[in-house]
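To start, the structure under review is shown below, and the notes come after it.
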Amino acid sequence: MFVLPIYAIMSITIKGDFIMIEFIQYIVLGIIQGISEIFPISSSGHLVIFTQLFGLDTNHLTIFLMITNMGSFLALLFFFRKDVVHLVVTLWHFLFNKEKRQEPTIKEEASYVLKLIIGVIPIGILGLLLKNHLKFLETPLYAGIALLVTSILLLLIFLFRNRLFDQDITWKNALIIGLFQGIAVVPGISRSGITTIGGLSRRVELKKALKYSFLMYLIVSVPVSLLGLLDLSEASDTINWVGYIGAFFMSMIFSYLTAKLMYKVVKVNNFIYFSVYTALMGIFAIVLNFI
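This is the structure in structure tokens:
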């Protein structure tokens, strides 16, 4: 007669352990997202690999990416808060203040905002057109191949590290960087990596390329975050809310810490380390696909 209570206790214990393990896995995924969104190593590729490795449900991987991207968005918004406020105020003066509109600095900074908008148009169009057509790429095999492509591009930047990187974000450079960013709709292609590579290919100074890349990310992330919330509300019956919220906060914290580190220590010479890492991860993902 003690069998049923003992079985019930064991079932509750096993279920509780499973929930805790799953929660820890989501926390780890949030940390991975936070770091890999900032470093040029592809957050989407890493999440494809680690959800497979952890055996988590991949049906809502796109939603999970959107939610954790929201954490990265808030982190970068805080990191660049002074730049964002300054650009918003500048644009306001340019649009609604006739006197200040003629000032050279106002014109220059308003044009920078327009260049940011130009830069996000390609990925916005491709994202809308291909949103429901890239699910088949969310496998370790395709993510691994894309990571190898990222590795080769990072290696090329390293090989040309002795070039003079002294250019600004011109209209032409803004469009080219935006076209590079459009490639990032493919899981495994690093968005921050491909835009930074696009900037460096135009000889834009690294910190200027990084700043432009991250500010473009802020613009892109607004509609992406809203879509993520909409999709989340429609799939709430199968979502691990605690895990998603935990991943969101971890993504936000580690995105901020990684952004600070990126700005302090990363140079063009360091891109070789990112190249080697993404190559190893790409090979690992391809092997994982066939295990």
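The sequence shown runs 537 to 827 under the working numbering.
Note that CB positions come from ideal geometry on N, CA and C, so glycine has one too.
Remember, it's a predicted structure, so these values are computed and weren't measured experimentally.
Going by DSSP, what residue range makes up the alpha helix (DSSP H) through residue i?
i	result
Ser-811	807-825
Ile-713	707-718
Thr-686	676-695
Phe-630	617-632
Arg-738	Segment: none, Arg-738 is in no alpha helix (DSSP H) and carries neither H nor E.
Determine the DSSP secondary structure at residue i, reduced to helix, strand or coil.
i	result
Gln-638	coil
Val-804	helix
Val-722	coil
To the nearest angstrom, how far is it from the Cα of residue i to the Cα of residue j?
i	j	result
Leu-691	Leu-627	38 Å
Tyr-562	Ala-795	21 Å
Ile-719	Ile-659	8 Å
Ile-548	Ser-737	Because the pLDDT at Ile-548 is just 41, under 50, the model does not fix this residue reliably, and the point stays unresolved.
Thr-641	Ala-745	20 Å
Phe-616	Val-624	12 Å
Ile-819	Leu-589	14 Å
Tyr-780	Leu-601	10 Å
Phe-630	Leu-652	16 Å
Gly-663	Asp-704	27 Å
Gly-714	Ile-654	7 Å
Leu-670	Val-722	7 Å
Val-758	Lys-747	17 Å
Ser-726	Glu-644	29 Å
Ala-710	Ile-827	42 Å
Ile-557	Val-801	35 Å
Leu-565	Ala-783	6 Å
Phe-559	Asn-776	8 Å
Ile-555	Ser-787	20 Å
Leu-612	Ile-822	32 Å
Gln-638	Ile-681	50 Å
Leu-754	Arg-739	23 Å
Thr-598	Ser-769	14 Å
Ala-646	Asn-605	27 Å
Phe-785	Val-620	22 Å
Asp-702	Leu-742	9 Å
Phe-632	Ile-661	29 Å
Asn-806	Thr-675	29 Å
Ile-808	Leu-700	18 Å
Ala-679	Lys-618	35 Å
Thr-706	Phe-716	15 Å
Between residue i and residue j, which are expected to be in contact by the criterion C-beta below 8 Å, what is the C-beta distance as a whole number of angstroms?
i	j	result
Val-828	Val-756	With the chain represented from 537 up to 827, any question about residue 828 goes unanswered, as that position is not in the structure.
Gly-591	Phe-790	That pair is no contact at about 23 Å.
Ile-585	Leu-824	7 Å
Thr-686	Gly-724	7 Å
Phe-729	Ile-567	The sequence shown places Gly at residue 729, not Phe. Wrong, their Cβ atoms sit about 19 Å apart, outside the cutoff.
Met-752	Thr-732	About 11 Å; that fails the 8 Å criterion.
Met-828	Phe-575	A question about residue 828 goes unanswered here, because the residues of the chain that appear run from 537 up to 827.
Thr-814	Leu-683	5 Å
Ile-693	Val-804	6 Å
Ser-749	Phe-609	Their Cβ separation, rounded to whole angstroms, is 14 Å, which puts Ser-749 and Phe-609 out of contact at 8 Å.
Item to check | Entirely enclosed alpha helix (DSSP H) segments - the region 553-601, minimum 4 residues | outcome: Taking only runs of at least 4 residues, the alpha helix (DSSP H) segments lying wholly in the region 553-601 are 579-590.
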